[in-house]
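Numbering (my numbering), first residue to last: 669 to 1118. Backbone N, C-alpha and C fix where the C-beta goes; we use that ideal spot for every residue, glycine too. What follows is a single structure, written as structure tokens, with notes after it.
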Amino acid sequence: MLYHAIQYIAKDKDILGVFLAAANVLNLVIRGILVKNKLASTDSIVVIKIGLIGKTNTGKTTFFNSATLGSGEISNYPFTTQQPSIGNANAITLCVHKELNVQDNPKNSRCLDGWRFIPIELVDLPGLIKGAWKGKGLGNQFLSIAAQSDALLHIVDVSGSIDASGKITEPGTGDPIADIADIEEELVMWYLKLLEGNRDKISRAINSGIDEVAAITDIFRGIGVREQHVKFALQANKLLGVKFDDWDPAKAKDFSWSLREISKPTLIVANKVDLHYASENFKRLREEYKDTIIVPCSADAELTLRRAETRGMIKYLPGDERFDIKDQQKLNDKQKWALNFIRKDILGEYMRTGVQFAINVTVFKLLRMNAVYPVADTGKLSDKHGNILPDVYLMKTGSTIEDLAREIHTELVKGLLYAIDIRDGLRLPNNYQIKDRDILSIVSAIKKKS
Ligand SMILES: Nc1nc2c(ncn2[C@@H]2O[C@H](COP(=O)(O)OP(=O)(O)OP(=O)(O)O)[C@@H](O)[C@H]2O)c(=O)[nH]1
Ligand SMILES: [Mg+2]
């Protein structure tokens, strides 16, 4: 079967892969300690966190391993992943060093072949089942971790090769559209459960004079909901001005639906496009979910390419639309066949495997982040130590120079004067809204100590 041949390289464990996975874990532990002890060089390390959700067996761990070079267990048994795990991945953007004609020395990111790799975190989660919101399966644990994510990737088996209970079956048997609806319902029910369970508390707060938006936000704050989200969800359901005590169950559910959608931006990953029936289902999915971004994907193909690259068989960067085989002679027939299949049927049909693309789209389109390069020395384009274009920060659309200064160091904000746009020398006011790929030098009366 096609799929087993592709697996061949992916399952071939290599020492470098294991080493990289160990380094990944070590990195996370060190970062955890730094953050805990507040020894980190910046005041706030804001790393975007993306959670992988979906039914069991849809390929969440395969996606996770391919993006993080991790070694989470992959199997065709339902509910293989029992514990959430966090790994380092990257959002990738074209680096500005070529345009500026300088050689960079990245510090908080990496630059490979002209691409900047900006660290983000991926969270692999246990598979969901119907009834998870009632605490069924690994429900509660899953939902509390998912809640800490800035965005979600909903991984679905677009080939329909899992049945309603999550068991692997023949492609074309399962229904990916129903699968998505089931998982969506789970998330909404979880929000609704929080709302209904706290009706008295919300009512009491409102009656004691607390603003309705604030009272509702308070209930959901632990799962990353902000006042703005609640306001938008109230507006979307024409509930602004309607007394909270008068909300009937249908209104409460509609509100929960909107709040879930607004507070956890979600992208659908149509995984397993390498299998039969995937392209038909993908078309149906696009028709059904017109308002959602859907990325076709073969996590298995990406894992295969990343492993082959790690072993020196091919030259490939995540997200690339091509790869080069280094030495045909060193490949056996199975490996040649698998790589040819990926080249023709995945990259040829879909341009890319979809894993890195899904991450980039989530960061830059769904979360509307802009990559910005702060420098201290406007002449050398470096930090104080001479590192050229050392850092890149991800800032949400609408962020200002002041937000950037705060992100770098709170001390910087205190004496903030203005910023200089490196491209044209323009002096930018503190309320200037940062654009993608801006290169800026912040001028402050108070210098950062380090
Ligand atoms: N053909 C194909 N198979 C895939 C792909 N991604 C994952 N699989 C297979 O699907 C099965 C389930 O993969 P996992 O990554 O363990 O799925 P999961 O969603 O993490 O499953 P749980 O941990 O049980 O929730 C395995 O047999 C994988 O090899 C893909 O892109 N194409
Ligand atoms: Mg898993």
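Measure the C-alpha to C-alpha separation of K1121 and E864 and round it to an integer number of angstroms. With the chain covering 669 to 1118 only, the question about residue 1121 has no answer from this structure.
Does ligand 1 have even one heavy atom less than 8 Å from the beta-carbon of C763? no
Examine ligand 1 and report whether any of its heavy atoms sits within less than 8 Å of the Cβ of C779. no
Along the chain, which unbroken stretches of the alpha helix (DSSP H) at least 4 residues long are found entirely within the region 728 to 811? 728 to 736, 765 to 768
Counting C-beta neighbours from all protein chains within 10 Å, is the total for L750 16 or more, i.e. buried, or is it exposed? Reading off the sequence shown, one finds Gln at residue 750, where the question assumed Leu. Per the 10 Å Cβ criterion, exposed.
Range covered by the beta strand (DSSP E) that runs through V1043: Careful: V1043 lies outside any beta strand (DSSP E) and carries neither H nor E.
Contiguous beta strand (DSSP E) assignments of at least 3 residues, all confined to the region 1000 to 1053: 1037 to 1042
If we count the other Cβ atoms within 10 Å of its Cβ and call it buried at 16 or more, is S876 buried or exposed? exposed
Same chain only: Cβ atoms within 7 Å of D1104, ignoring 5 sequence neighbours per side: N1038, A1039
Would you say the beta carbon of N949 comes nearer than 8 Å to a heavy atom of ligand 1? no
Thinking just about the alpha-carbon of each residue, which of G1066, N905, A938, G980 is nearest to the one in K994? G980
Could you give the residue range of the beta strand (DSSP E) that holds S1112? 1106 to 1112
By Cβ distance, which residues of its chain are closer than 6 Å to V881, with the 5 residues on each side in sequence left out? E895, V898, K899
Do I813 and P752 have their C-beta atoms within less than 9 Å of each other? yes
Using a threshold of 8 Å, is the CB atom of D792 nearer than that to any non-hydrogen atom of ligand 2? yes
Output needed for F747: all residues of its chain with C-beta closer than 6 Å, excluding positions within five of it in sequence on either side, in chain order. T724, G795
Contacts around C965, its chain only, beta-carbon distance under 7 Å, and the 5 residues preceding and following it disregarded: V937, A938, N939, V941, T1021, G1022, V1023, A1026
Taking the DSSP output, what are the residues bridged to L1062? A1039
Mapping DSSP to helix, strand and coil, what is S712? With a pLDDT of 43 at S712, under the threshold of 50, the predicted position of this residue should be treated as unreliable, though the coordinate-derived value follows. DSSP places S712 in coil when its eight states are reduced to three.
Leaving aside the five residues before and after L793 along the sequence, list all residues of the same chain whose C-beta is less than 8 Å from its C-beta, in chain order. G719, L720, I721, K728, T749, P752, F810, I813, A814
Where V910 falls, given that 16 or more other Cβ within 10 Å makes a residue buried: exposed
For I742, the nearest candidate out of T730, Y1086, A735 (CA to CA): T730
Contacts around G782, its chain only, beta-carbon distance under 8 Å, and the 5 residues preceding and following it disregarded: L762, C763, H765, K766
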